[in-house]
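Residue numbers (this note's numbering): 2 to 234. Only one structure is covered here, and it is reproduced in the block below.
Now the structure itself:
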């Protein structure tokens, strides 16, 4: 009420200066002051914003075991509570590359390990964010992903190695998280599940006496635990 009265007095003066009856001036001034003084969720940083987030954490996959991941996300909120998010990252240092190699290339009898094996997630999704207290929000969402697997080294027990290039895989993901901070800097933690499955996946091989295509089912799905900093504007 106090803010409305503060806005009403100058608006009434302007309306009387422009001419007309006092009743018309008062009506115009009241409408103007209410619009000027009313709060709008469109200007609440929690609900409509753009942001950049940097994160790090662990990625635990079905066939590769646990690895490390770093990345970032760009986010734009065109409407209250919901935003469009573009994510990218780099995951490596997986614990189970030797077991993974034997799973997808069982025809090769020698011990084989994939060196410098990494996954580059490129993801797009929709996030819903809901304030639960001043400067604290919870959020969740999901979307589609394209997972690039860069060229790596297939290394045998006798230190023989050869560069291997396998196809990229598409998948989907969902996440839940919470953030807290003072605008424009927020800290966040999130749990994210990524579904990365390729049935009858083809691997081209031309070493260890085997030449041609090997077919295997690949499952790199798993949970991630992430933490980071988000900048909003």
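Where a beta carbon is used, it is the ideal one built from N, C-alpha and C, also for glycine.
Cβ-Cβ distances below 7 Å link residue 129 to 82, 83, 140, 141 and 142 in the same chain, with the five nearest sequence neighbours on each side left out; the list follows chain order. Considering only 229, 119, 100 and 99, the residue with the shortest C-alpha distance to residue 68 is 119. Under the DSSP assignment, residue 101 falls in the alpha helix (DSSP H) whose first and last residues are 98 to 105. Within a 10 Å sphere around the beta-carbon of residue 171 sit fewer than 16 other beta-carbons, which makes this residue exposed. Residue 94 carries a coil assignment under DSSP once its states are collapsed to helix, strand and coil. Residue 167 sits in coil when the DSSP states are folded into three classes, being neither helix nor strand. Taking 8 Å as the cut-off, the Cβ atoms of residue 127 and residue 144 count as close. Here DSSP, grouped into helix, strand and coil, assigns residue 196 to strand. Setting aside the 5 residues that flank it on each side, residue 229 is surrounded in the same chain by 54, 55, 56, 57 and 189, each with a C-beta closer than 7 Å to its C-beta; the list follows chain order. A Cβ-Cβ distance of about 21 Å is found for the pair residue 203 and residue 157, leaving them out of contact under the 8 Å criterion. Look at residue 219 here: in three-state DSSP terms it is strand. Residue environment: residue 102 is assigned as buried (16 or more neighbouring CB atoms within 10 Å of its CB, all protein chains considered). Residue 158 carries a coil assignment under DSSP once its states are collapsed to helix, strand and coil. Between residue 92 and residue 70, the C-beta gap is smaller than 8 Å, which places the two residues in contact.
Annotated three-state conformation of residue 87 is strand, per DSSP. Taking all protein chains shown into account, residue 90 has 16 or more neighbouring C-beta atoms within 10 Å of its C-beta and is therefore buried.
By the neighbour-count definition (other C-beta atoms within 10 Å, threshold 16), residue 78 is a buried residue. Under the three-state reduction of DSSP output, residue 183 falls in the strand class. Check the Cα spacing between residue 65 and each of 73, 233, 75 and 117: the tightest is with 117.
In the three-state scheme derived from DSSP, where H, G and I count as helix and E and B as strand, residue 173 is classed as strand.
Excluding five sequence positions before and after residue 63, the CB atoms of its chain that fall closer than 7 Å to its own CB belong to 220, 221, 222 and 223, given in chain order. By alpha-carbon distance to residue 124, the top candidate from 85, 115 and 146 is 146.
The residue from 131, 182, 154 and 191 with its alpha-carbon nearest to that of residue 80 is 131.
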